[in-house]
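Each residue of the sequence shown is one higher than the one before, counting from 177 in my numbering.
Working notes, beginning with the structure itself.
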Amino acid sequence: MRAHEAGALHAEVGQRGPAWLGTPADVNALMPQLWPQTVTRGPAGALSVGGRDVRDLAAEFGTPAYLLDEADFRARCRAFAEAFHDADVYYAGKAFLCKAVVRMIAEEGLALDVCTGGELAVALAAGMPPERIGVHGNNKSEDELRCAVAAGVGRIVLDSHQEIDRLTRIARETGTQPRVMVRVTVGVEAHTHEYIATAHEDQKFGFSLAGGAARAAVERILADGVLDLRGLHSHIGSQIFDTDAFDVSARRVLGLAAALRDAHGREFPELDLGGGFGIAYTSQDDPRRPAELAEGLRRIVKEDCDALGLPVPRLSVEPGRAIVGPAVFTLYQVGTVKDVDGIRTYVSVDGGMSDNVRTALYDASYSATVAGRASAAPPILARVVGKHCEAGDIVVKDEFLPADVQPGDLLAVPGTGAYCRSMASNYNHVPRPPVVAVRDGQARLIVRRETEADLMALDVG
Ligand code: LLP
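Quick look at the structure:
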């Protein structure tokens, strides 16, 4: 019997997990908010996604693999597009980008936010219409700006005075008038269920509102008259679950718009409130639906504009995580199961912090389930860890798995679509996993697995 197995040990083990994990749940159950919409546990007990059994997908594509439920991903794109029908939705490519995903978001009617020359190159290579691309970044190089201008992107979000210098020079040289926004740092910091509103803004992004830098940036752009200033931009953080924090940021940024109108008689046609909408990683998270977010933001902007006597600008938002995060799960294979007596069971999988660094980096919480079969065994408190040479190589800190979890089992971790493949590394020379899009019984590779030859491809000599 395993150290933490069943029976009388349950209560004890349950108390050792974090309080929120509660009592051991049915280890075969799938909480709908954590899984892509086509994922089910079939009669044989194995998970399927997009009509394909994960055991077959593992045999065909190997493990670990990121499995993208294409119907779910497209449905999330559409839900945002429909909810924000009178606004622009820029999918934040930093969450996950590859050419196939660019094509999907373009087909679903979204725009795309890129924040480096590399992301811009992928977008253009995949045929994203340039006018639907927004360019971010706190340190855009001369080359990146030239490339964006040459491509004719829809807008560039300005982040520093040096960047205004660079882009103004490029615009003069090329005889163009790039559309720009000014990124304003409003002193609102939002993370998960909490946000802090402060008067100062100690961070690298944007122009400070409180310190007057944002106003000065707008004034010099207006005075130069070279760039086409469309409006103000603000992004306040990640994993935000309600609209209160946006209420504060919108009020502050629209307050600046009103002050600029009073001083210069100029009104701006657009307003971008950024991304950061939260998703469910565990049963503790209760995200808002796109329709609720849209309704909340629309009301906030309308009320603030009415109070300030401003016309309501065209709104844009930049969700990344909320679109791709829940549409993907990672499929691993268990290699080793180790009971550390009286503490917990360590379940080692064939990936780890190289394919999901968020647990190690942000202390993020995930869940997991045995994916290739159902189990009648009682639950044990487990920690899912990777194969890297590092004690902090944890994928799932705490989860109840069946006591008979064993080498060879497939294990699925949901919610890994955002900031996992995009932040993946080759630590310990582990090749990065493929991304497989599954839909209507068909699976297609959209990013192939790295090979050992890829790992050596950059070595010289
Ligand atoms: N817009 C701007 C200007 C951003 O900086 C970001 C994210 C987004 C939109 C998209 O945010 P989302 O809707 O995906 O939360 N690596 C971290 C997240 C970093 C977010 C950076 N900026 C993580 O794994 O949680």
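Idealized CB from N, CA, C, for every residue including glycine.
Cβ neighbour criterion (16 or more within 10 Å) applied to residue i
i: Ile416; result: buried
i: Arg411; result: In the sequence as presented, Arg is not what sits at residue 411; that position holds His. Classification for His411: buried.
i: Glu566; result: exposed
i: Ala638; result: Residue 638 falls outside the range modelled here, since the chain spans only 177 to 637, and no answer is possible.
i: Tyr595; result: buried
i: Tyr538; result: exposed
i: Pro219; result: exposed
i: Asp616; result: exposed
i: Ser601; result: exposed
i: Gly388; result: exposed
i: Asn532; result: buried
i: Gln509; result: buried
i: Ser317; result: exposed
i: Ala435; result: exposed
i: His645; result: For the chain, the structure presents residues 177 to 637; residue 645 sits outside this window and is missing.
i: Gly183; result: Low confidence applies to Gly183: its pLDDT is 36, below 50, so where it sits in the model is not reliable, and the reading given next is rough at best. Looking at its Cβ environment, which holds fewer than 16 other Cβ atoms inside 10 Å, Gly183 is exposed.
i: Lys380; result: exposed
i: Glu575; result: buried
i: His312; result: buried
i: Val265; result: buried
i: Glu283; result: exposed
i: Asp438; result: exposed
i: Val203; result: buried
Coarse secondary structure for residue i, derived from DSSP in three states
i: Asp480; result: helix
i: Leu288; result: strand
i: Ala247; result: helix
i: Glu370; result: strand
i: Ala544; result: coil
i: Pro641; result: Coverage of the chain is limited to positions 177 through 637, which leaves residue 641 absent and any answer about it impossible.
i: Glu575; result: strand
i: Asp531; result: coil
i: Ile309; result: strand
i: Val333; result: strand
i: Arg674; result: Since the displayed the chain opens at 177 and closes at 637, residue 674 lies outside it and no answer follows.
i: Glu181; result: Low confidence applies to Glu181: its pLDDT is 41, below 50, so where it sits in the model is not reliable enough to give any reading.
i: Ala187; result: Caution is warranted here: a pLDDT of 38 is assigned to Ala187, below 50, making its placement in the model unreliable, and the coordinate value is therefore given only provisionally. The answer is helix: DSSP assigns Ala187 an H, G or I state.
i: Phe453; result: strand
i: Arg231; result: helix
i: Gly486; result: For the sequence presented, residue 486 should be read as Leu rather than Gly. Coil at Leu486, not helix or strand.
i: His605; result: helix
i: Phe237; result: helix
i: Gly472; result: helix
i: Met599; result: helix
i: Gln379; result: coil
i: Gln209; result: helix
Sheet register partners of residue i (DSSP bridge)
i: Thr506; result: Tyr242 and Val589
i: Thr521; result: Asp515 and Ala558
i: Ser384; result: Thr361
i: Gly413; result: Ala366
i: Phe256; result: Per DSSP, none; premise fails for Phe256.
i: Arg217; result: Leu223
For residue i, the first and last residue of its enclosing alpha helix (DSSP H)
i: His440; result: Asp420 to His440
i: His337; result: His337 to Thr350
i: Arg490; result: From DSSP, Arg490 is part of no alpha helix (DSSP H) but of the beta strand (DSSP E) over Arg490 to Val493.
i: Val362; result: Taken as a continuous stretch (DSSP letters only), Val362 belongs to no alpha helix (DSSP H), as it is neither H nor E.
i: Ala389; result: Ala389 to Asp400
i: Cys323; result: Glu318 to Ala327
i: Arg497; result: Arg497 to Val500
i: Glu628; result: Glu628 to Met632
i: Glu283; result: Lys275 to Glu283
Span of the beta strand (DSSP E), counted from its first residue to its last, around residue i
i: His564; result: No beta strand (DSSP E) contains His564, which DSSP labels as neither H nor E.
i: Ser407; result: A quick correction: the sequence has Gly, not Ser, at residue 407. Looking at the DSSP string, the run of the beta strand (DSSP E) that includes Gly407 is Asp404 to His409.
i: Glu295; result: Segment Gly293 to Ala301 is the alpha helix (DSSP H) holding Glu295; no beta strand (DSSP E) there.
i: Asp448; result: Glu446 to Asp448
i: Val203; result: No beta strand (DSSP E) contains Val203, which DSSP labels as neither H nor E.
i: Thr535; result: First-last for Thr535: Arg534 to Tyr538, but that is the alpha helix (DSSP H), not the beta strand (DSSP E).
i: Arg620; result: Gln618 to Val623
i: Asp264; result: Asp264 to Ala268
i: Ala550; result: Taken as a continuous stretch (DSSP letters only), Ala550 belongs to no beta strand (DSSP E), as it is neither H nor E.
i: Leu223; result: Leu223 to Val225
i: Arg615; result: Val611 to Arg615
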